[in-house]
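Peer 1: Okay, here's the structure, questions in a sec.
Protein chains: 2
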Amino acid sequence: MELFAVDDIPEIEPGDDLAALIRERVDLRPDDVVCVASTVVSKTEGRIADLDDFPAGPRAREIAARLSELDDREKDPRFAQAVLEESVELLMESPFLLTETRFGHVGVNAGIDRSNVPGGDLLLLPKRPSESAAGIQEELPADQVIVTDTCGRPFRYGQRGVAIGWDGMPASRDWRGQLDRDGREMGVTVQNVIDELAAAANLVAGEGNGGTPVVVVRGFEFGDLPGSQNHFRELEGDYVRQALRGWSHNPQEGEA
Amino acid sequence: MELFAVDDIPEIEPGDDLAALIRERVDLRPDDVVCVASTVVSKTEGRIADLDDFPAGPRAREIAARLSELDDREKDPRFAQAVLEESVELLMESPFLLTETRFGHVGVNAGIDRSNVPGGDLLLLPKRPSESAAGIQEELPADQVIVTDTCGRPFRYGQRGVAIGWDGMPASRDWRGQLDRDGREMGVTVQNVIDELAAAANLVAGEGNGGTPVVVVRGFEFGDLPGSQNHFRELEGDYVRQALRGWSHNPQEGEA
Ligand SMILES: Nc1nc2c(ncn2[C@@H]2O[C@H](COP(=O)(O)OP(=O)(O)O)[C@@H](O)[C@H]2O)c(=O)[nH]1
Ligand SMILES: Nc1nc2c(ncn2[C@@H]2O[C@H](COP(=O)(O)OP(=O)(O)O)[C@@H](O)[C@H]2O)c(=O)[nH]1
Ligand SMILES: [Mn+2]
Ligand SMILES: [Mn+2]
Ligand SMILES: [Mn+2]
Ligand SMILES: [Mn+2]
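Quick note, the sequences are listed as chains A and B, same order.
Per the numbering used here, the first sequence starts with residue 1, numbered consecutively.
Per the numbering used here, the second sequence starts with residue 257, numbered consecutively.
Next up, the structure:
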């Protein structure tokens, strides 16, 4: 399996034909997986916004005031408003905003970026990243497209690449019922390959001004296994989400 | 960047020299990252156990009884005892056991596997996976070694490869203070590259009886960035962990 970045992608503007820009720069094969950073998908879809587009309501002002108290830096209530508008549920409102976006992804600040946003204050995630992936895939010789983002997670430090949209492949490969080396049936193993592919792509794309938002994975073999399209957990079965429902942040707690 | 599995690794037995088995099968370069599945590290370290090695105390019996009630299958109290003995904290005891292992990793059942364990009932994770990684690295021409496992996570379905031990490289690359494409300093971006490498390796290793527990990553460039060795979060700053402290599972909650 091989991963390489597509070189010389220009600065992406609203309305750009991302698939054409990719096609012109790389000879793709049908079984390639093309991983595209959400940043550039958002740019082509015109998801650049200004803080002034989000006049803050009372809820956003309350949230921003609480967050401003926590550290010394003033938080912009318009930013909180943008996060609320991009979300269907607020899982945590202090010490940061953890929400479920309209398409099911749980992340901090609804994935709104304030980096790599020339020409605006904010870059919102694509509205329906799997539809974005399908639109790009249609115009590419490669059969599989993943839209990626970078985000943090509980229990482990740092951020890693994740898939937020995908097309042309299942989200997971399902090893249940396969035999292990001891001839024993495996019980619980569903391997989320799109997140693993996104993580791998992020090693090549990086986070800075490297300018490599498109990474091709060549030679990945899904194998002859059943697939599953489940990717974002529902509340049922997501016990951490259930725990967060009853919890509120106490700045004293958990300090040494 | 390229990933390939090391072929023809035999069934690993306690005491086997894993580094020698790898060295004989692949021409490694100094800048390769060698990802080794915890399964085979555990086997060389004799971490195979029988349920009878863990006579259940009252706590384990209580836990197993509660778990048995939840679904129809009888849970073995000796298994709960093994999980408790491998852990320093129980984060969730229903509907499954989520614990912090002695080396800091948060996972279900303390990462104890019941698959791919010829010759025993249980395979425990290596005691100190970063020391295991260092021991293997010392005997390899490659400078970087990661010990991997597969585990699930909140919010997202399925499992993915993660790093539980590493040597010869930082856990994360720290983009803070670097400039983005807009000349803006990036604030919060710490990229956990060892987890991303482990996820990538898992795409090649798979979960079944494929027999590819060792994957080489060639051509990964850490780049000229500061590194951080933080990998497992402390309670302070891990709000999900704090939320789990006050929570207990209610089988009715979260159901449709
Ligand atoms: N060529 C090019 N690269 C971009 C553009 N926008 C972002 N990038 C690069 O894409 C990569 C990922 O950017 P990032 O902001 O981390 O995207 P995210 O992970 O989807 O939030 C970085 O290497 C950026 O330099 C663009 O418009 N053109
Ligand atoms: N050659 C060989 N492969 C093994 C052995 N044990 C496990 N594997 C393979 O290593 C891969 C990962 O195994 P798995 O049990 O998922 O390891 P884990 O992710 O560390 O828990 C699979 O392809 C297994 O078939 C062994 O002793 N020898
Ligand atoms: Mn982003
Ligand atoms: Mn990123
Ligand atoms: Mn395991
Ligand atoms: Mn595995």
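Here a beta-carbon is modelled for each residue, glycine too, at the ideal position from N, C-alpha and C.
Quantities reported herein were computed from a predicted structural model and do not represent experimental measurements.
DSSP three-state label for residue 94 of chain A, please.
Peer 2: Residue 94 of chain A falls in the coil class under three-state DSSP.
Peer 1: Where does residue 357 of chain B fall in DSSP's three states?
Peer 2: Residue 357 of chain B: strand per DSSP, three-state reduction.
Peer 1: Give the residues of chain A in contact with residue 447 of chain B, contact being defined as C-beta atoms less than 9 Å apart.
Peer 2: What residue 447 of chain B touches in chain A: 150, 158, 159, 160, 161, 202, 203, 206 and 207.
Peer 1: In angstroms with no decimal places, state the Cα-to-Cα distance between residue 304 of chain B and residue 375 of chain B.
Peer 2: If I take the Cα positions, the gap works out to 8 Å.
Peer 1: Counting only beta-carbon separations shorter than 7 Å, does residue 179 of chain A have a partner in chain B?
Peer 2: Chain B contact via Cβ: present.
Peer 1: Where the beta carbon is closer than 5 Å to any heavy atom of ligand 4, which residues qualify, in chain order?
Peer 2: Output, sorted by chain position: A/150 and A/207.
Peer 1: Would you report the Cα separation of residue 44 of chain A and residue 105 of chain A, rounded to the nearest angstrom?
Peer 2: Roughly 21 Å between the two C-alpha positions.
Peer 1: Mind checking which residues open and close the alpha helix (DSSP H) that includes residue 242 of chain A?
Peer 2: Taken as a continuous stretch (DSSP letters only), the alpha helix (DSSP H) holding residue 242 of chain A covers 239-245.
Peer 1: Along chain B, which residues have their Cβ under 7 Å away from the Cβ of residue 117 of chain A?
Peer 2: Within 7 Å Cβ-Cβ: 438.
Peer 1: Within the present structure, is the beta-carbon of residue 480 of chain B separated from the nearest heavy atom of ligand 5 by less than 6 Å?
Peer 2: No, the Cβ of residue 480 of chain B stays beyond 6 Å of every heavy atom of ligand 5.
Peer 1: Starting from residue 4 of chain A and walking both ways along the alpha helix (DSSP H), at which residues does that stretch end?
Peer 2: Per DSSP, residue 4 of chain A belongs to no alpha helix (DSSP H); it is in the beta strand (DSSP E), 2-5.
Peer 1: Kindly indicate which three-state DSSP category residue 39 of chain A falls into: helix, strand or coil?
Peer 2: Here residue 39 of chain A sits in helix by DSSP.
Peer 1: In the DSSP assignment, the beta strand (DSSP E) including residue 447 of chain B goes from what residue to what residue?
Peer 2: Residue 447 of chain B -> beta strand (DSSP E) spans 446-448.
Peer 1: Answer with yes or no whether the minimum CB distance from residue 134 of chain A to chain B is below 7 Å.
Peer 2: No, because no Cβ of chain B sits closer than 7 Å to the Cβ of residue 134 of chain A.
Peer 1: Residue 486 of chain B versus chain E: which residues are under 7 Å apart at the beta carbon?
Peer 2: The structure shown contains no chain E; its protein chains are A and B.
Peer 1: Spell out whether any CB of chain A is found under 7 Å from the CB atom of residue 422 of chain B.
Peer 2: Chain A, which has no Cβ nearer than 7 Å to the Cβ of residue 422 of chain B, makes this no.
Peer 1: As a quick exercise: from A/33, A/132 and A/38, pick the residue whose alpha carbon is nearest that of residue 222 of chain A.
Peer 2: Nearest option by C-alpha distance: A/33.
Peer 1: To the nearest angstrom, how far is it from the Cα of residue 249 of chain A to the Cα of residue 95 of chain A?
Peer 2: Spanning the two alpha carbons is a distance of roughly 7 Å.
Peer 1: List the residues that DSSP assigns as beta-bridge partners of residue 304 of chain B.
Peer 2: The partner list for residue 304 of chain B (beta bridge, DSSP) reads B/379.
Peer 1: Label residue 494 of chain B either buried or exposed according to how many other C-beta atoms from any shown protein chain fall within 10 Å of its C-beta, with 16 as the threshold for buried.
Peer 2: The residue in question, residue 494 of chain B, is buried, as its Cβ has 16 or more Cβ neighbours within 10 Å.
Peer 1: Can you check which of these residues, A/1, A/10, A/3 and A/142, is closest to residue 210 of chain A by C-alpha distance?
Peer 2: Taking only the C-alpha atoms, the option nearest residue 210 of chain A is A/10.
Peer 1: Report the CB separation of residue 264 of chain A from residue 415 of chain B in whole angstroms; it is logged as a contact under 8 Å.
Peer 2: The question about residue 264 of chain A has no answer, for chain A in this structure spans 1 to 256.
Peer 1: For residue 461 of chain B, is the beta carbon positioned less than 6 Å from some heavy atom of ligand 2?
Peer 2: Correct: residue 461 of chain B has its Cβ closer than 6 Å to ligand 2.
Peer 1: Considering Cα atoms alone, identify which of A/154, A/35, A/175 and A/81 is closest to residue 129 of chain A.
Peer 2: When only C-alpha atoms are compared, the closest one is A/35.
Peer 1: Which residues in the same chain have their Cβ closer than 7 Å to the Cβ of residue 282 of chain B, if we skip the five residues on either side of it in sequence?
Peer 2: Cβ neighbours of residue 282 of chain B beyond the five flanking positions: 262 and 472.
Peer 1: Closer than 7 Å, CB to CB, is residue 220 of chain A near chain B or not?
Peer 2: Yes, residue 220 of chain A counts as interfacial toward chain B.
Peer 1: Is it the case that the CB of residue 470 of chain B approaches a heavy atom of ligand 2 more closely than 6 Å?
Peer 2: Because no heavy atom of ligand 2 lies under 6 Å away, the Cβ of residue 470 of chain B does not count as near it: no.
Peer 1: Using 7 Å as the threshold, is the C-beta distance between residue 514 of chain B and residue 258 of chain B below it?
Peer 2: This structure does not reach residue 514 of chain B, given that chain B is present from 257 up to 512, and the question cannot be answered.
Peer 1: Note down the Cα distance separating residue 18 of chain A from residue 82 of chain A, rounded to an integer number of angstroms.
Peer 2: Those two C-alpha atoms are separated by around 26 Å.
Peer 1: Please find out if some non-hydrogen atom of ligand 5 comes closer than 6 Å to the beta-carbon of residue 369 of chain B.
Peer 2: Residue 369 of chain B Cβ: within cutoff of ligand 5.
Peer 1: For residue 255 of chain A, which residues in the same chain have their Cβ closer than 8 Å to its Cβ, ignoring the five residues on either side in sequence?
Peer 2: Its pLDDT being 49, under 50, residue 255 of chain A is placed unreliably in this model, and the value from its coordinates should be taken loosely. Closer than 8 Å at the Cβ level, and outside the excluded window around residue 255 of chain A, lies no residue.
Peer 1: At a CB-CB cut-off below 8 Å, which residues of chain B make contact with residue 211 of chain A?
Peer 2: In chain order: 437.
Peer 1: Per DSSP, what kind of secondary structure is residue 232 of chain A in: helix, strand or coil?
Peer 2: Residue 232 of chain A: strand per DSSP, three-state reduction.
Peer 1: DSSP puts residue 163 of chain A in a beta bridge; with which residues?
Peer 2: Looking at the DSSP assignment, residue 163 of chain A forms a beta bridge with A/148.
Peer 1: Would you kindly report the start and end of the unbroken beta strand (DSSP E) that includes residue 391 of chain B?
Peer 2: Careful: residue 391 of chain B lies outside any beta strand (DSSP E), inside the alpha helix (DSSP H) at 385-394.
Peer 1: With a cut-off of 8 Å, do at least 3 Cβ pairs link the stretch 194-213 of chain A to the stretch 423-435 of chain B?
Peer 2: Contact between the stretch 194-213 of chain A and the stretch 423-435 of chain B is present, because at least three Cβ pairs lie under 8 Å.
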